[in-house]
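Colleague: Numbering-wise, the sequence shown is residues 36 to 565 according to my numbering.
The beta-carbon is built from N, C-alpha and C at its ideal position, and this holds for glycine as well.
It should be emphasised that the depicted structure is a prediction, and the values quoted were computed from it without experimental measurement.
Before anything else, here's the structure in question.
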Amino acid sequence: MREIKFDTGIKVGATALLLALSGACAAPQDPEVPRFRDVTAASGLDHVYGGDPDFVVGGGAAAFDCNGDRRPEVLLAGGAHPARLYLNRSEAGGAIAFEAAPGALGIDAEAAGRVTGAYPLDLDSDGVLDVFLLRFGRNLLLRGLGDCRFEEAGAAFGLPARADWTTAFAAHWEPGAALPTLAVGNYVDRSRPLAKTGNCDPSYLLRPAPGTKSYGPPQPLEPTACTLSALFLDWAGSGRPDLRLANDRQYYDRGLSEQLFRLEPGGPRALTAAEGWNGPVIWGMGLAAGDLDGDGRPEVAVTNMADNHLQVLRDPGGDRPEFENRALALGTMAQRPHAGGDRRPSTAWHADFADFNNDGADDLWIVKGNVDAMPEFAAFDPDSLLLGAPGQPFTEVGGPAGIALDRRGRGGVAADLNGDGRLDLITVNRDQPTTLLQNVSTGSGGWIEAEVRQQGINAFAVGALVETRTDGRIASRRRVVGGGHAGGACLPLHFGLGGANRAEVRVIWPDGEASAWRRVASGERLDFER
Numbered sequence: 036m037r038e039i040k041f042d043t044g045i046k047v048g049a050t051a052l053l054l055a056l057s058g059a060c061a062a063p064q065d066p067e068v069p070r071f072r073d074v075t076a077a078s079g080l081d082h083v084y085g086g087d088p089d090f091v092v093g094g095g096a097a098a099f100d101c102n103g104d105r106r107p108e109v110l111l112a113g114g115a116h117p118a119r120l121y122l123n124r125s126e127a128g129g130a131i132a133f134e135a136a137p138g139a140l141g142i143d144a145e146a147a148g149r150v151t152g153a154y155p156l157d158l159d160s161d162g163v164l165d166v167f168l169l170r171f172g173r174n175l176l177l178r179g180l181g182d183c184r185f186e187e188a189g190a191a192f193g194l195p196a197r198a199d200w201t202t203a204f205a206a207h208w209e210p211g212a213a214l215p216t217l218a219v220g221n222y223v224d225r226s227r228p229l230a231k232t233g234n235c236d237p238s239y240l241l242r243p244a245p246g247t248k249s250y251g252p253p254q255p256l257e258p259t260a261c262t263l264s265a266l267f268l269d270w271a272g273s274g275r276p277d278l279r280l281a282n283d284r285q286y287y288d289r290g291l292s293e294q295l296f297r298l299e300p301g302g303p304r305a306l307t308a309a310e311g312w313n314g315p316v317i318w319g320m321g322l323a324a325g326d327l328d329g330d331g332r333p334e335v336a337v338t339n340m341a342d343n344h345l346q347v348l349r350d351p352g353g354d355r356p357e358f359e360n361r362a363l364a365l366g367t368m369a370q371r372p373h374a375g376g377d378r379r380p381s382t383a384w385h386a387d388f389a390d391f392n393n394d395g396a397d398d399l400w401i402v403k404g405n406v407d408a409m410p411e412f413a414a415f416d417p418d419s420l421l422l423g424a425p426g427q428p429f430t431e432v433g434g435p436a437g438i439a440l441d442r443r444g445r446g447g448v449a450a451d452l453n454g455d456g457r458l459d460l461i462t463v464n465r466d467q468p469t470t471l472l473q474n475v476s477t478g479s480g481g482w483i484e485a486e487v488r489q490q491g492i493n494a495f496a497v498g499a500l501v502e503t504r505t506d507g508r509i510a511s512r513r514r515v516v517g518g519g520h521a522g523g524a525c526l527p528l529h530f531g532l533g534g535a536n537r538a539e540v541r542v543i544w545p546d547g548e549a550s551a552w553r554r555v556a557s558g559e560r561l562d563f564e565r
């Protein structure tokens, strides 16, 4: 076993900025470091993503409950290997266990092959989750039939029978629509050799055809870049989000960058610098959004090769999407490996804001791994776990937390897999087995979970915002479909409470109507149904 040395990390930033972002009043305290144990070998997860160069990107995971037992199942992309659904057989509070469910996806081995990612959503609003499969080839919609059974239904909803290299996906219900608007992000056009211009497969929107339960023709997202993550982002708090794309600068044309699209009646329109959008030119790979300072506006983590970005609105109360990168001040750059001694730059993919030690402050998990064997970038490049705490920069604790493993990560899922109130980690690795890390922390704070549902269209209330109020501090999480890298989750929203025994919770529904506050005790799982 190789010796691993851990960096302590560097905290850089202006006190005023940190206090403004955290909303802190109390003196800073060191956060409790969560602890993880590698339980892959005993868990039943025995899957590998990878294959030929078509699968150097992608490698997503989807987590969702498809049989109603409140334990998340996991669907893993396979690339050159068939995608596979694993049923959760974990005992409450005990060992995490999964069982493969061959044939449950309702497609043959050929269709289950060449899958780059997966996202759960209830597309037809029947109360049963479906799955959108991203593929190198024709994308598939798997309609949920209940009890973790599925059937392919793309043609029934008018999905285009086109073959792309799809690596990004997001969904959002526009007002009055019977079906969600789907954003499909594509990567490099592999049908022809790379050129100096025009290398990217066009990404597009699918919007429901008026008066039908089927999609109209694709609406192109132009100018075309090579997209690796997509997320509908309500940056203005208007209830009508714009579409944020993370694009890989390696292949797109000069003059392009990260993008933000406005959904207009005639089609999507890229916002410009004159309107306030000035996207950076980076190797954009993954997206995550969270409200770190409680002002109702999202901060956005964008993963990259080398320095990762944390974008913060310059004027949270304004009407212009002017973001600036504050990753350096807030300690989230994670630009080099934190363990192992390799000082070459990192390569980052999936990102997720979540509370891994249940102290009430959001942390940031970043999955890392060399693209293949790129000599300019770190070979030993363990995932990062950046702990948040009021009044302080984020602190790298990946080493002491137990996640400094020698893997080439891609996608991932943070979820409470055994119902003990602590978030566990699943990482999909390229040409290596998927990793399952169980959260075995003993010093974690209190927690609650909130599930949101509504009758009729958009049954899982995508776009809803859940708020918790503890000792006068408000924390929030929004239900979204998209972001990360090639995969996501549809699960109850998890909140840490720190040392508080109780909290108040409410839901702001997708149309802006707010529920009454409910007072709940730590350890409760709430169901909000509208």
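Quick one: what's C235 bridged to in DSSP?
Modeller: V223
Colleague: In three-state terms, what does DSSP make of S264?
Modeller: strand
Colleague: Rounded to the nearest angstrom, what separates S78 and R443 at their Cα positions?
Modeller: 20 Å
Colleague: Using a threshold of 6 Å, is the CB atom of D104 nearer than that to any non-hydrogen atom of the ligand ADP?
Modeller: Ligands are entirely absent from the displayed structure, and the ligand ADP is therefore not among its contents.
Colleague: From D546 to L217, what distance separates their C-alpha atoms?
Modeller: 19 Å
Colleague: Can you give, in chain order, each stretch of the beta strand (DSSP E) that sits fully within the segment 245-327 and has at least 3 residues?
Modeller: 262-268, 277-282, 294-299, 302-305 and 322-325
Colleague: May I have the straight-line CA-CA distance separating G523 from N464, to the nearest angstrom?
Modeller: 16 Å
Colleague: To which residues does DSSP link S511 through a beta bridge?
Modeller: E502
Colleague: Mind the definition here: the segment 427-444 touches the segment 470-478 only if three or more C-beta pairs lie below 8 Å; say whether that holds.
Modeller: yes
Colleague: Between the Cα of G533 and those of A396, R445, A556 and H520, spot the shortest distance and give me the residue it belongs to.
Modeller: A396
Colleague: Using a Cβ-Cβ cut-off of 6 Å (strictly less than) and excluding sequence neighbours within five positions of H82, which residues of its own chain qualify?
Modeller: L111, R119 and T469
Colleague: Could you give the residue range of the alpha helix (DSSP H) that holds A146?
Modeller: A144 to A147
Colleague: Please classify A130 as buried or exposed, where buried requires at least 16 other C-beta atoms within 10 Å of its C-beta.
Modeller: exposed
Colleague: Compute the Euclidean distance between the alpha carbons of A132 and A324, then round it to the nearest angstrom.
Modeller: 30 Å
Colleague: Specify, as a first and last residue, the run of the alpha helix (DSSP H) that T75 falls within.
Modeller: T75 to S78
Colleague: Helix, strand or coil for A424, going by three-state DSSP, please let me know.
Modeller: coil
Colleague: Given M340, which residues of its chain have a CB within under 7 Å of its CB, disregarding the five upstream and five downstream residues?
Modeller: So the qualifying residues of the chain are W318, P380, T382 and F412.
Colleague: Just verifying my parser: in three-state terms, what is the DSSP assignment at G85?
Modeller: strand
Colleague: Return the CA-CA distance between F192 and Q254, expressed in angstroms with no decimal places.
Modeller: Roughly 16 Å between the two C-alpha positions.
Colleague: What number of angstroms, rounded off, separates the C-alpha of D377 from the C-alpha of G114?
Modeller: 29 Å
Colleague: At the level of alpha carbons, what is the spacing between R178 and H520?
Modeller: 22 Å
Colleague: Would you decide whether G480 is buried or exposed? Buried here means 16 or more other CB atoms lie within 10 Å of its CB.
Modeller: buried
Colleague: Apart from the five residues just before and just after S511, which ones in its own chain have a Cβ nearer than 6 Å to its Cβ?
Modeller: D326, L500 and E502
Colleague: Please state the DSSP three-state secondary structure of A198.
Modeller: Under the three-state reduction of DSSP, A198 is assigned to strand.
Colleague: If we count the other Cβ atoms within 10 Å of its Cβ and call it buried at 16 or more, is V316 buried or exposed?
Modeller: exposed
Colleague: List the whole-angstrom C-beta distance separating G152 from F204, where the pair is believed to meet the contact cut-off of C-beta under 8 Å.
Modeller: 7 Å
Colleague: Taking 8 Å as the threshold, find out whether the segment 294-306 comes into contact with the segment 244-263 through three or more Cβ pairs.
Modeller: yes
Colleague: Beta-carbon within less than 6 Å of D455's beta-carbon, same chain only, minus the 5 sequence neighbours each way: which residues are those?
Modeller: So the list reads G128, once near-sequence residues are dropped.
Colleague: Going along the chain, which residues of its own chain have a beta-carbon closer than 7 Å to the beta-carbon of D407, five neighbours each way excluded?
Modeller: Its chain contains V91 as the residues whose beta carbon lies nearer than 7 Å to that of D407, once the 5 sequence neighbours on both sides are disregarded; these appear in chain order.
Colleague: For my contact list, G233 and L169 are in at a C-beta cut-off of 8 Å; report their separation, rounded to the angstrom.
Modeller: Rounded, the Cβ-Cβ distance is 22 Å, inconsistent with contact.
Colleague: With respect to the beta strand (DSSP E) encompassing L120, which residues constitute its N-terminal and C-terminal limits?
Modeller: R119 to N123
Colleague: How is the beta strand (DSSP E) around A556 delimited, first residue to last?
Modeller: Note, A556: beta strand (DSSP E), R553 to A556.
Colleague: Which word fits A62, buried or exposed, when buried means at least 16 other C-beta atoms lie within 10 angstroms of its C-beta?
Modeller: The pLDDT assigned to A62 is 46, lower than 50, so where the model puts this residue is not dependable, and the model offers no usable value.
Colleague: Within the segment 404-475, note down every full alpha helix (DSSP H) run reaching 4 residues or more, in order along the chain.
Modeller: 433-436
Colleague: Kindly indicate which three-state DSSP category F495 falls into: helix, strand or coil?
Modeller: coil
Colleague: Helix, strand or coil for A136, going by three-state DSSP, please let me know.
Modeller: coil
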